[in-house]
Amino acid sequence: VYLSLEGTAGCSERHLLDKPFYNDFERGAVDSYDVTVEEDLGEIQLLKIEKRKYWYQDDWYLKYITVKTPMGDYLEFPCYRWITDEKEIVLRDGRAKLPRDDKTQILKQHRRKELETRQKMYRWKEWHPGFPLSIDAHSHSDLPRDIQFDNEKGIDFILNYSKAMENLYVNRFMHMFQSSWSDFADFERIFVRISNTISEYVMQHWKEDFMFGYQFLNGCNPVLIRRCTEIPKKFPVTMDMVECSLERNLTLEEEVKQGNIFIVDYELLDGVDANKTDPCTIQYLAAPICLLYKNLENKIVPIAIQLGQKPGPDNPIFLPSDATYDWLLAKIWVRSSDFHIHQTVTHLLRTHLVSEVFSIAMFRQLPAVHPLFKLLVPHMRFTIAINTKAREQLICECGLFDKANATGGGGHVQMVQKAVKDLTYSSLCFPEEMKAKGMDSKEDIPYYFYRDDGIKVWEAIKSFTKDVIHIYYESDEVVCEDVELQAFVKDIYVYGMRGVKSSGFPKAIRTREKLAEYLTVIIFTTSAQHAAVNFGQYDWCSWIPNAPPTMRCPPPTEKGTVTIEQIVETLPDRGRSCWHLGAVWALSQFQDNELFLGMYPDEHFVEKPVKDAMAKFRKNLDEIVNTITERNKNKKLPYYYLSPDRIPNSVAV
C-alpha cells in the first residue's frame, strides 16, 4: 500500500506503507504507520492511497489518516472505506466543505470525479413497476464493497430463520407442515420457552377488547388508526348496533362529533391476490373496517367490525354483543389484516424502500467532503445491503416470504404498488401526519406512547439538523446555491418518488428551515420510524392467534355459526406458525455491534462546532431515555421502541 501527499507548493511525495519483518494488514488486525516527509509540500490538499493486488483477496479497511504539519497542527483525513484490488482512494481533509468553498481547480476536479465514479457504481433500477427505484444489483456480492455487510452470513435470512427456529425449539414441528393445532393452548407448545414480558402478556390477554384496541396505539403497527369524522357509507353502523358499547349517553353521531370514535380501514387489501404457491393449502385475505371507541377510562376498544368493503347480507357487521366466537374470529381477521399491512406497507415500503432511496441519492450526489454526506452517512449504514439481501432471499419469487404469508406469491407486490400513492412527503413528517389523522392531542388520547415518544425524538433530531445547517449555511441563499444538495433532492424526487407531483416531495430546497425538516424526515425515517415498527414484532406477533400470517378458511358470511374448532382450522398450520415465529424473532434482533441514535464512532466531522452539536444531541436523547424509563416503571405493558437507546441509527435488519 502506497501513500501519496499533494500540497499547495506544487510538490508531492509517495511512500510505501510497510514495516520490515512485519505481517502487514493481517485479517482482523489493526495497524498504524508513521511516515515522515522531508520536503515542505505547503498546505496538504489531497492524500492518495494506492493498493497493489496480490494473488489472494487482501481488501484493506482504512479508518483515517492524521497529518502533523511543520507548525505542529494535526489534520484529520477521514476515510472509513475499503481499499480493494488495484484501486486508489483520494482523500480530502476532514473539514466539511460546500461546493462554493472549493476555490482551486484540483479540489473542484476531485469533487466532480468522486461523484462521477459513484454514479457509475450506484445505479437506479426498477425492481417492480410502480415501486420506488432501488439499487442496480442482483445480489449482495454485486454491491460496492463499502456498503456490504462485514459478514454476509450474519444477514443470511435462510440461515437466520432456520437458526431462530432451532433456538426456539420449534423445528421439531416442521415435518407436520400442513397439520392444524389442536386448540389455542396447543400454540403454547411453540411459545412458552421464549416468552418475555410483553409477548407473555399478549398471550394471556389477546382475546380482550382492551388489548385489541391498545395495539392500534402502541403495538408494532401504530400508524393506521385515525379519528373518525363521519361513518363511511360502505360501513353502515347504526346506533342500535353499538348503543350498548357507548358509555356517555350520547348518540353515535354525537360521539363522532365529540371525537370519541376512531376508525381503521384495510381497504388496500381489497382485491389483492392471496398466496397460491402451495396447492395443498388454500389461503385467504380480507379487507376489514374496524370502528373503535374511546370509553370513559380513555381506553380505545372495538365496537364494530365488517370483514369486507361492500356492505350486504353476506358481509355482516360483527359486534361485541354477538356470540363470543363470532366476535373473536372477527377480531382475529382484523389482526391478520393488520399484520399484512404492517409487513408490506408500514415496514417494507415506508421504512426499508424509502430509506434505500435516500441512501442511493446520497451516494450519487453528495461527495464525502459535503457536510450533509457526513451528517447522513451513519444513517445509511447497511440499508442498501439489507434490502438487496431481502430481494435476493426474502421477498423475491419463491422466497421465504411465500412460505408462511397469505400475501406471498405476489400479493405483497400488489400491495406496495397500491400503497405508493399514499407515500407522501407530509406523511413522513411525523407531527404533520399525527395532526392529519386527528391523533395529535395528548389530552384527548392520553395513552398514545408512540405519538408522545415519536414527537420527542423528532424534535431532538430537528434541533440537531438545525444546529448543523447553521454551521455551514449562513443564509437561505447559500442553500439555494448548493448544487449538490439540489441534485440530491432532485434524485429523490425523480427516481425515488418517480417524479409523481402528488407525492409532495420537493424538487428543490430553498430555505434553511425547509432543509432542516427534510433532513429530519430522512434521519427519523431511517432510525426512529423503522425502530418503532420493526423491533416489536416478536413482542406482538409471536402469539400466533394475535397476528396470524395467513388464514386457511374464508371470512364468515353469517353470524352464529363460528365454533372454536373452526377458528383453529382457520389459523395457520404448525409449519407456517413455525416459519412465522422464526421470522418475527430474527427480525426483532439488533445487529451485532449495533450503533444507536446519536452514536457516531466514525469521525466524519472534525470541526468543534459540529462535535458540540453532537454532544447536545446526545444530551437531549439521554433526557428522552430517562423520561421514557421513568414512565415505563411498573407498567405491565411498557413502551420502549422509541427510546433512543433502542433506536439503531439506520435500517440494517
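Just so you know, the sequence shown maps onto residues 1 to 653 in the UniProt record's numbering. Think of the CB as a built atom: it goes at the ideal place given N, C-alpha and C, for glycine as much as any other residue. No experiment lies behind these values; they were computed from the predicted model shown.
Quick check: the region 274-283 against the region 252-259, are there 3 or more CB pairs under 8 Å?
-> Counting Cβ pairs under 8 Å, fewer than three are found: no touch.
Of the residues LYS421, VAL533, ASP592, LYS514, the one placed nearest ARG451, counting alpha carbons only | Ranking the options by Cα distance to ARG451, first place goes to VAL533.
Note down, in chain order, each residue of its chain lying with its Cβ closer than 8 Å to the Cβ of PRO70, except the 5 sequence neighbours on either side.
-> Within the same chain, PRO70 has close Cβ partners ASP40.
Which runs of the alpha helix (DSSP H) fall wholly inside the region 358-431 and span at least 4 residues, in chain order?
-> Qualifying alpha helix (DSSP H) stretches, in chain order: 371-376, 383-389, 401-404, 411-419, 425-428.
Note the first and the last residue of the continuous alpha helix (DSSP H) segment covering GLU513.
-> 512-524 is the extent of the alpha helix (DSSP H) around GLU513.
Neighbourhood of TYR473 by C-beta distance below 6 Å, restricted to the same chain and skipping five residues each side = Apart from the 5 residues on each side of it in sequence, TYR473 sits with its Cβ closer than 6 Å to the Cβ of VAL479, ARG512 in its chain, given in chain order.
Would you call the region 90-104 and the region 599-610 touching, i.e. three or more CB-CB distances under 8 Å?
-> As far as the Cβ criterion goes, the region 90-104 touches the region 599-610, which means the pair count is three or higher.
N-terminal and C-terminal residue of the alpha helix (DSSP H) that ASP491 is part of | Unbroken alpha helix (DSSP H) run through ASP491: 483-491.
Any heavy atom of the ligand ATP closer than 8 Å to the CB of VAL37?
-> Absent from the structure shown: the ligand ATP. Ligands present: none.
How is the beta strand (DSSP E) around ALA304 delimited, first residue to last?
-> Counting along the chain, the beta strand (DSSP E) containing ALA304 begins and ends at 300-306.
Contact between the region 311-323 and the region 235-244 (3+ Cβ pairs under 8 Å) | Touching, per the Cβ criterion.
Does the region 428-448 come close enough to the region 480-488 to have 3 or more Cβ pairs within less than 8 Å?
-> Touching, no.
Cβ atoms of LYS403 and ARG248: under 9 Å apart, would you say?
-> Cβ atoms of ARG248 and LYS403: not closer than 9 Å.
Please say whether GLN148 and HIS138 have beta carbons closer to each other than 9 Å?
-> Inclusion of HIS138 and GLN148 in the CB contact set at 9 Å is not warranted, their separation being larger than that value.
So GLN45 is in the beta strand (DSSP E); what residue range does that whole segment cover?
-> That run of the beta strand (DSSP E) goes 44-50.
LYS466, DSSP secondary structure in three states = Three-state result, LYS466: helix.
Between the region 378-387 and the region 515-531, do at least 3 Cβ pairs fall closer than 8 Å?
-> Result yes; three or more Cβ-Cβ pairs closer than 8 Å.
Which residues mark the beginning and the end of the beta strand (DSSP E) in which residue 654 is found?
-> Only positions 1 to 653 of the chain appear in this structure, which leaves residue 654 out of reach.
In angstroms, rounded to a whole number, what distance separates the CA positions of LEU133 and LYS507?
-> Here the alpha carbons of LYS507 and LEU133 stand approximately 17 Å from one another.
Figure out for me which residue from ARG118, ALA652, TYR538, PRO601 has the closest Cα to the Cα of GLU200.
-> Looking at the Cα atoms, TYR538 is the closest of the given residues.
Does DSSP put THR66 in a helix, in a strand, or in coil?
-> It is a strand residue.
DSSP on TRP60, reduced to helix/strand/coil?
-> In the structure shown, the three-state DSSP call for TRP60 is strand.
Can the beta-carbon of VAL354 be found less than 9 Å from the beta-carbon of LEU246?
-> Cβ distance not < 9 Å, so VAL354 and LEU246 don't count as in contact.
Which partner residues does TRP82 have in the DSSP bridge list?
-> Residue pairing from DSSP places TRP82 in a beta bridge opposite TYR61.
Can you tell which of ARG111, ASP142, ARG123 has the C-alpha that lies nearest to the C-alpha of GLY496?
-> Check the Cα spacing between GLY496 and each of ARG111, ASP142, ARG123: the tightest is with ARG123.
Measure how close the beta-carbons of THR550 and ASN315 come, nearest whole angstrom, since I'm counting them as under 8 Å.
-> The beta carbons of THR550 and ASN315 sit about 21 Å from each other, so the pair does not count as a contact at 8 Å.
Cβ shell of VAL610 (< 7 Å), same chain only, five flanking positions each side left out | So the list reads VAL468, ILE471, once near-sequence residues are dropped.
Please work out which residues of its chain come closer than 7 Å, Cβ to Cβ, to ASN649, disregarding the five sequence neighbours upstream and downstream, and give them in chain order.
-> Excluding positions up to five away in sequence, the list reads PRO378, HIS379, ARG381, SER527, LEU595, PHE596, LEU597, MET599.
Distance, Cα to Cα, VAL67 vs GLN45?
-> As the crow flies, the alpha-carbon of VAL67 is around 11 Å from that of GLN45.
Using beta-carbon positions only, say whether VAL332 and GLN306 come within less than 9 Å of one another.
-> With the sequence shown as reference, residue 332 is identified as Ile, and Val is not the correct amino acid for it. No.
Mind checking which residues open and close the alpha helix (DSSP H) that includes LYS608?
-> Counting along the chain, the alpha helix (DSSP H) containing LYS608 begins and ends at 608-632.
With C-beta atoms as the reference, is VAL521 less than 9 Å away from TYR640?
-> Between VAL521 and TYR640, the C-beta gap is not smaller than 9 Å, which leaves the two residues out of contact.
So what does DSSP say about PRO648, is it helix, strand or coil?
-> In the structure shown, PRO648 sits in a strand (DSSP, three-state: E or B).
Please determine, among GLY42, GLU43, TYR61, ASN298, the residue with the shortest C-alpha to C-alpha distance to ILE49.
-> Minimum Cα distance to ILE49 is reached at TYR61.
Separation of PRO638 from VAL459, as counted between CA atoms | According to the sequence as given, residue 459 is Glu; it is not Val. Using only the alpha carbons, I get a separation of about 22 Å.
May I ask you to list the residues that DSSP assigns as paired with GLY312?
-> DSSP output for GLY312 lists ASN315 as bridge partner(s).
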